[in-house]
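The next block holds one structure in the form of structure tokens; read it before the comments.
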Amino acid sequence: MKRNFSLFFSLILIFGLMLASCQNQPSSPGQEEPNPIASFLQPSVKIQYTNNYIVKFSSANLPSRANEIILRKGAKIHAELYDENNGYTVVKGLTKQEAEELKKVDGVESVARDIIVQWVPDVSQTKVLNRQPPSLNSHDPSDAFLFDEFQWNMKQIDADDAWAAGAQADPDVLVGILDTGINPTHPDLAGRVNTSLSRTFVTSSPHAPDLTSFDDFNFHGTHVAGIVTTNGIGTAGVAPHATVVAIKVLNAFGFGSFSDVIDGILYAASIPVDVINMSLGAVVPTTPENKPLFDALKAAIRVALNHGVYVVASAGNDAINLDTAKDSGFLVVPAQSEGRVARISATAPFNQQNFDGLASYSNFGAHNISVAAPGGDFISGNVKDLILSPCSQSSILVPVCQTGAFYLFVAGTSQAAPHVSGAAALLDSRFGGKLSGEQIKRRIEASADDLGNPVAHGHGRLNVFKMLFGSSPN
Numbered sequence: 098m099k100r101n102f103s104l105f106f107s108l109i110l111i112f113g114l115m116l117a118s119c120q121n122q123p124s125s126p127g128q129e130e131p132n133p134i135a136s137f138l139q140p141s142v143k144i145q146y147t148n149n150y151i152v153k154f155s156s157a158n159l160p161s162r163a164n165e166i167i168l169r170k171g172a173k174i175h176a177e178l179y180d181e182n183n184g185y186t187v188v189k190g191l192t193k194q195e196a197e198e199l200k201k202v203d204g205v206e207s208v209a210r211d212i213i214v215q216w217v218p219d220v221s222q223t224k225v226l227n228r229q230p231p232s233l234n235s236h237d238p239s240d241a242f243l244f245d246e247f248q249w250n251m252k253q254i255d256a257d258d259a260w261a262a263g264a265q266a267d268p269d270v271l272v273g274i275l276d277t278g279i280n281p282t283h284p285d286l287a288g289r290v291n292t293s294l295s296r297t298f299v300t301s302s303p304h305a306p307d308l309t310s311f312d313d314f315n316f317h318g319t320h321v322a323g324i325v326t327t328n329g330i331g332t333a334g335v336a337p338h339a340t341v342v343a344i345k346v347l348n349a350f351g352f353g354s355f356s357d358v359i360d361g362i363l364y365a366a367s368i369p370v371d372v373i374n375m376s377l378g379a380v381v382p383t384t385p386e387n388k389p390l391f392d393a394l395k396a397a398i399r400v401a402l403n404h405g406v407y408v409v410a411s412a413g414n415d416a417i418n419l420d421t422a423k424d425s426g427f428l429v430v431p432a433q434s435e436g437r438v439a440r441i442s443a444t445a446p447f448n449q450q451n452f453d454g455l456a457s458y459s460n461f462g463a464h465n466i467s468v469a470a471p472g473g474d475f476i477s478g479n480v481k482d483l484i485l486s487p488c489s490q491s492s493i494l495v496p497v498c499q500t501g502a503f504y505l506f507v508a509g510t511s512q513a514a515p516h517v518s519g520a521a522a523l524l525d526s527r528f529g530g531k532l533s534g535e536q537i538k539r540r541i542e543a544s545a546d547d548l549g550n551p552v553a554h555g556h557g558r559l560n561v562f563k564m565l566f567g568s569s570p571n
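Each residue of the sequence shown is one higher than the last, beginning at 98 in the working numbering.
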């Protein structure tokens, strides 16, 4: 029996315009265009150049001559990694002249200028609704105040049946959220964020606190984290009691450099976290100048994979076939950075029907998608088709979130990915945190509900109960 509560809280609806690529099909004559309630869209290609460079070399160590050039004028080697036959060094403070000089050194294969791109989309408008939340967290996530009315997503993946069977995460199992940060003070995330391990790797932002705080001044990272786990107050997360680590690689406006993302991945692998969630999606031209950036990002992801981390990435919101995307002159990163990454497509209902349909914006591809998970959709105009999760109380993009315990309706493959990351935390917890990333990936794929459309859903749609207990609930 549901309880009645008297404390105040609010919900926020995200409004926006649909992605142009999702609107390129004209309506039938006399057909009214849908009025989308929310839009969480793949960012356009906006590139800013930095004074940092990624040096690729063909040995285990940076050639001594290259090291001399870097240190001569006070530039600094920020990070180094090695992958197969190549090494990579992130150099900060290098001049263009020095970069050109480096290219001529024997053993140096390339010197690429680092770029800042937008990895998560913008929010255009908000609307506030007032509701009353519970005063205490629930032992049963399905008792969260908003669960029955709005969280179709958790029911669709049989998370509620898994909870009823006793599924919960071990707090020692860590999920690293590489994103815009996480707000640790939201009532539904208080105590769920490991603040001692959380870090910011942001090196460029017009909002100065980004450089020193892992707090979320956007909203995206907090929303993603709340899908992985919550305290069960307003909304339920997939993995009750799981611990998330804020690994902040994007600033308050969703921008970050390749080197910042690489730093975050290497840090996550060094902790090590058990799961890395990257609800990120930058569409970057596959020019020769950018290839070393792609290679270095791939190498960093391989470091994490080789540490046994399960790496999850959103498939992207461009409504394109990833099986053929490389031929278009663009790459969706990090999803297409490394073949072993679990790429997650998004499912969504249309006006609360057909809950396993491919979301209108979701990327797809039989050879690229691991599994699908709920991402929500805005196309029907029904707010209940979206994904509800906490909003950062430090958000400068949604300022009303600063005034209370707010929740956001959002749609995107960014929301699909953390369902899978939360499921991975439950699975690893069931086996004492001893599973490798590859073991987790195989189990999630093998237990997914086969919906007969591998192009859209890969191995199928995530089923948390089957993943944990081997069959569907009665």
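All C-beta atoms, glycine included, are put in the ideal place defined by N, C-alpha and C.
Environment of residue i [buried if 16+ CB atoms lie within 10 Å]
| i | result |
| --- | --- |
| residue 399 | buried |
| residue 150 | buried |
| residue 413 | buried |
| residue 169 | exposed |
| residue 450 | exposed |
| residue 519 | buried |
| residue 262 | exposed |
| residue 333 | buried |
| residue 509 | buried |
| residue 367 | exposed |
| residue 224 | A caution first: residue 224 carries a pLDDT of 38, below 50, which makes its placement in the model too unreliable to give a value. |
| residue 171 | exposed |
Cα-Cα separation between residue i and residue j, rounded to whole angstroms
| i | j | result |
| --- | --- | --- |
| residue 589 | residue 322 | With the chain represented from 98 up to 571, any question about residue 589 goes unanswered, as that position is not in the structure. |
| residue 190 | residue 203 | 22 Å |
| residue 287 | residue 236 | 15 Å |
| residue 341 | residue 162 | 42 Å |
| residue 539 | residue 427 | 29 Å |
| residue 182 | residue 192 | 27 Å |
| residue 536 | residue 218 | 32 Å |
| residue 165 | residue 200 | 13 Å |
| residue 391 | residue 424 | 16 Å |
| residue 205 | residue 275 | 30 Å |
| residue 42 | residue 484 | The requested residue 42 is not part of the displayed model; the chain covers only 98 to 571. |
| residue 260 | residue 254 | 12 Å |
| residue 220 | residue 499 | 16 Å |
| residue 213 | residue 547 | 39 Å |
| residue 239 | residue 515 | 18 Å |
| residue 523 | residue 314 | 29 Å |
| residue 462 | residue 251 | 24 Å |
| residue 375 | residue 389 | 20 Å |
| residue 543 | residue 549 | 14 Å |
| residue 281 | residue 271 | 15 Å |
| residue 248 | residue 568 | 22 Å |
Start and end residues, beta strand (DSSP E) containing residue i
| i | result |
| --- | --- |
| residue 495 | Careful: residue 495 lies outside any beta strand (DSSP E) and carries neither H nor E. |
| residue 504 | 503–507 |
| residue 471 | 468–471 |
| residue 71 | Nothing can be reported for residue 71, as the shown portion of the chain is limited to 98 through 571. |
| residue 177 | 173–180 |
| residue 398 | Run containing residue 398: none in the beta strand (DSSP E); it sits in the alpha helix (DSSP H), 388–403. |
Start and end residues, alpha helix (DSSP H) containing residue i
| i | result |
| --- | --- |
| residue 510 | 510–527 |
| residue 562 | 561–566 |
| residue 437 | Premise fails: residue 437 is in no alpha helix (DSSP H) and is neither H nor E. |
Check your understanding: In chain order, which beta strand (DSSP E) runs of at least 3 residues are fully inside the segment 407–434?
Key -> 407–411, 427–430
Check your understanding: Do three or more CB pairs link the segment 285–304 to the segment 349–358 at distances below 8 Å?
Key -> yes
Check your understanding: Taking one C-beta from the segment 485–498 and one from the segment 444–461 each time, how about it: are there three or more such pairs within less than 8 Å?
Key -> no
**Study point:** Segments of 4+ residues assigned as alpha helix (DSSP H) that fall wholly inside the segment 320–385
**Key:** 355–367
Exercise for review: Evaluate the contact criterion for the segment 326–333 versus the segment 377–394: three or more CB pairs, one atom per stretch, below 8 Å.
Suggested key: no
**Study point:** Validate contact between the segment 420–440 and the segment 401–411 using beta carbons, cut 8 Å, 3 pairs
**Key:** yes
**Study point:** Any beta strand (DSSP E) of 3 or more consecutive residues that is wholly inside the segment 236–279
**Key:** 271–276
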